[in-house]
Structures are given as structure tokens and as C-alpha cells.
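**Q** For the sequence shown, my numbering assigns the number 9 to the initial residue and increments by one for each residue that follows.
Built from N, CA and C at the ideal position, the CB exists for glycine as well.
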Amino acid sequence: MQHSAFQSWTPRMSRDFGEAIVKARHRLQESQLFSDEALAALVDKHPRELSDFCAPTHDEQGHEILPAGEIGDMSGAALVHAAHQGKLWINLRRAMNIHPEYLELIESAFSDLRRLAPRFRPTRFSGGILISSPAARVPYHADKTDVILWHVRGVKRIHVYPNAQPHLRDEDMEVHMLDIARDDLPYDASFERSAEIYELTPGDMLSWPLHSPHRVENVAGLNVSVTTEYSSWRSALQNGVYYTNAVLRRRFGLNPSPAANANLAERVAKLAMARVFQKLGWGADAAEPWTPPQAEDLTGALAPQIA
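Structural data, given as C-alpha cells:
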């Protein structure tokens, strides 16, 4: 790694970061920490409770979903090999936080980004590593926190949509705020008219405005990306509005004003209300009943890919 984590950065990127989509060039892909051998060792040592192994399937409505599966005692080398060969998506949550060699790498990048982007002021972050097959896809969804995607290997195509109606409805985000496990959103093919499409190659970094819906398609090769989710006072205030509105709508039958219309005073007040509602358990009471897809045994499906 050289003295800076970035190969390119412009004054416009500094102005746009956090307000618009920003694509820049980084150097994380130069590290040997993302080789097949290093990733296999990482899969083996990473806590299994923070590891997701997913094979795409479809729900009752025909939408593609990524339910977590069971991989038994399969080795990291076997799983990385399976990812090369077929449809497998591995998410090593908080890998960039837990393992010192990876933490050093992302902290260096964050240090440079704080210097370059005045709006980048995270209060906390979580960094994961995504390892996915050449044909893997991630359905249309929106993250609850700000996200930066640091692409390291393979070719990936990402479609990013406006974080406003009809692509992002208040009612859908409210449901997500009440349930930490839910991120997927209703998708309509007409949304593609508003999509901005980016093809990412090793060394590309992409960030987008908070809550922007997006979906991902792998294009070629084993794909490896570092995804950093971070919280800030700005995201806390916005999420507080959604959470409070969710409780007001579902518990009390009110019709709160759209989250986008909330001024600073309302955001501060609703963040405080959200924290009170959480302590009272009203958010959990208002959450919609939902059963996540049952984990399936993936060992049989992956066996042909390993052979």
C-alpha cells in the first residue's frame, strides 16, 4: 500500500460526497489480504455467527432472495472454490473490524477519506467483506446506514436509484426501521428509467446518498468487495424520523408527514421520541409479522462445485 488509500480524488468529489453518487479510485486491491488463500484463511477463522453463506432462490412472488444457509464443516478453501464455480454469496460481517490486519487497512482508508470529504464524519462503522460468484446478484434494497463499497476483485454492475418516491416509499422504510433484518424493497421494472448504472472493476469505490435503493449484478470473475456501513448524526436523525413515524402510524393510527419534509427541529424531536419508543418496546410491538427464510443445508448443492 502506498501513502494514500486513493489513486484519484477531485474537489468535486469532496463537495458531492454524501449528497450525490461518488465514484473514485482506491488502492485496497493491491493488498494480498484479498487473495484466494488469504480469503480462505479468513473464512476459517471468522466467527460463524458473523458469517452468512447464501445461495440465491425465489420467494412465493418470484422475487430473488438470498436466504442464509448452513455449510457444515466445509473449509474456507472449499467455500472460496465454490464461489468461483457457481452461485454462492459469502458475507463476512465486521471482518474489517475484528481482524487487526484488515482493520489497519480500512482505518488508513478512512483517515484519508476524513481529510478529503468534509461530510464524512462517522460516529461508528462496520466493515464486512463480500465474496460472491460470477453470476451472483443482490436484489433491490436500501441500507439503513450510509454505505461505501470498495471493490477489490472481479467486475460488478450496480444500479442506484433516487431515494425518493416512488423508488423509496416512507411506509417501506418505516417497516425496515422496525426490523433490523429487513432491507429488501418492492421493485418495479419502470424504476430502471431513473437508475444510474456503474460498472465497477478492481480499485473502484462507490458511495451514494443515504437510503438510496440499489441492486447489484456480478458480471465477471470471483467478486470481492469491502462494504463499510457507517452511522453519523445525519443518518441517526433521518432514521429517527422513520422509526417514530412507523410507531405513530402503526400503533396510534396517525398519518405523519413525509420524512423528507422534516426540518431539523422535527428530526431532533423525533430522534428523541424514537429512543423513548425503543425503550418502551413500542417499535417491536408495531413491527409487521415476518418470518425470515429458513436456513437450508447448502452442502449438497455446493458439492458439485467443489468436485
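Can the beta-carbon of leucine 121 be found closer than 8 Å to that of glycine 84?
**A** The answer is no: Cβ separation not under 8 Å.
**Q** Can you tell me whether lysine 53 is buried or exposed? The criterion is at least 16 other CB atoms within 10 Å of its CB, across all chains shown.
**A** Counting Cβ neighbours within 10 Å, lysine 53 comes out exposed, since fewer than 16 surround it.
**Q** Report all residues from its chain with a CB closer than 6 Å to the CB of leucine 157; omit the five preceding and five following residues, and keep chain order.
**A** Here the set comprises Leu214, Ser233 and Thr235.
**Q** Is the beta carbon of threonine 131 less than 8 Å from the beta carbon of serine 22?
**A** No, the pair does not count as a contact, with Cβ atoms beyond the cut-off.
**Q** Ends of the beta strand (DSSP E) at asparagine 99?
**A** 97-100 is the span of the beta strand (DSSP E), which, as asked, contains asparagine 99.
**Q** Could you give the distance in angstroms between the alpha-carbon of arginine 177 and the alpha-carbon of asparagine 105?
**A** Cα-Cα distance, rounded: 32 Å.
**Q** Can you list, in chain order, the residues of its chain whose CB lies under 6 Å from that of alanine 125, leaving out five sequence neighbours each side?
**A** Contacts found: Ser22 and Phe25.
**Q** Nearest to alanine 282 by CA position, among Pro194, Glu182 and Ile114, is which residue?
**A** Taking only the C-alpha atoms, the option nearest alanine 282 is Glu182.
**Q** Is it the case that the segment 186-205 contacts the segment 161-168, given that we only count it when at least three CB pairs across the two stretches are under 8 Å?
**A** At 8 Å Cβ cutoff, the stretches touch.
**Q** Am I right that tyrosine 169 and serine 220 are in contact with their C-beta atoms under 8 Å? What's the rounded C-beta distance?
**A** Indeed, because the Cβ distance is near 6 Å, the residues count as touching under 8 Å.
**Q** How long is the line joining the alpha carbons of asparagine 263 and glutamate 109, rounded to whole angstroms?
**A** Their backbone Cα atoms lie some 49 Å apart in a straight line.
**Q** Does DSSP put threonine 18 in a helix, in a strand, or in coil?
**A** Reduced to three states, the DSSP call for threonine 18 is coil.
**Q** Tell me, which residues are paired with tyrosine 206 by DSSP?
**A** Looking at the DSSP assignment, tyrosine 206 forms a beta bridge with Ile166.
**Q** My guess is that alanine 91 and serine 141 are in contact by the Cβ rule of under 8 Å, so how many angstroms apart are they, rounded?
**A** The pair is a contact, with the Cβ atoms about 5 Å apart (cut-off 8 Å).
**Q** What is the rounded straight-line gap between the Cα of lysine 287 and the Cα of aspartate 293?
**A** C-alpha separation (whole angstroms): 12 Å.
**Q** What is the DSSP secondary structure of phenylalanine 61, reduced to helix, strand or coil?
**A** Note: phenylalanine 61 maps to strand in three-state DSSP.
**Q** Quick check on asparagine 253: does DSSP put it in helix, strand or coil?
**A** Helix, per DSSP.
**Q** I'd like to check one pair, arginine 102 with serine 134: are the Cβ atoms closer than 8 Å?
**A** Yes, these two residues count as a Cβ contact at 8 Å.
**Q** At what residues does the alpha helix (DSSP H) containing leucine 279 begin and finish?
**A** 272-288 is the extent of the alpha helix (DSSP H) around leucine 279.
**Q** Would you mind giving the Cβ-Cβ distance between lysine 95 and alanine 144, rounded to the nearest angstrom? I have them listed as a contact below 8 Å.
**A** Lysine 95 to alanine 144, Cβ: 6 Å. Contact.
**Q** When DSSP labels each residue in this structure, what does phenylalanine 25 get in the three-state scheme?
**A** Three-state DSSP puts phenylalanine 25 in a strand.
**Q** Please state whether the Cβ-Cβ distance between asparagine 171 and leucine 218 is less than 8 Å.
**A** Taking 8 Å as the Cβ cut-off, asparagine 171 and leucine 218 qualify as a contacting pair.
**Q** Within this structure, are the beta carbons of leucine 113 and leucine 41 separated by less than 8 Å?
**A** Cβ distance < 8 Å, so leucine 113 and leucine 41 count as in contact.
**Q** Work out the CA separation of asparagine 226 and histidine 2 for me, nearest whole Å.
**A** Lying outside 9 to 315, the shown extent of the chain, residue 2 is not represented and no answer is given.
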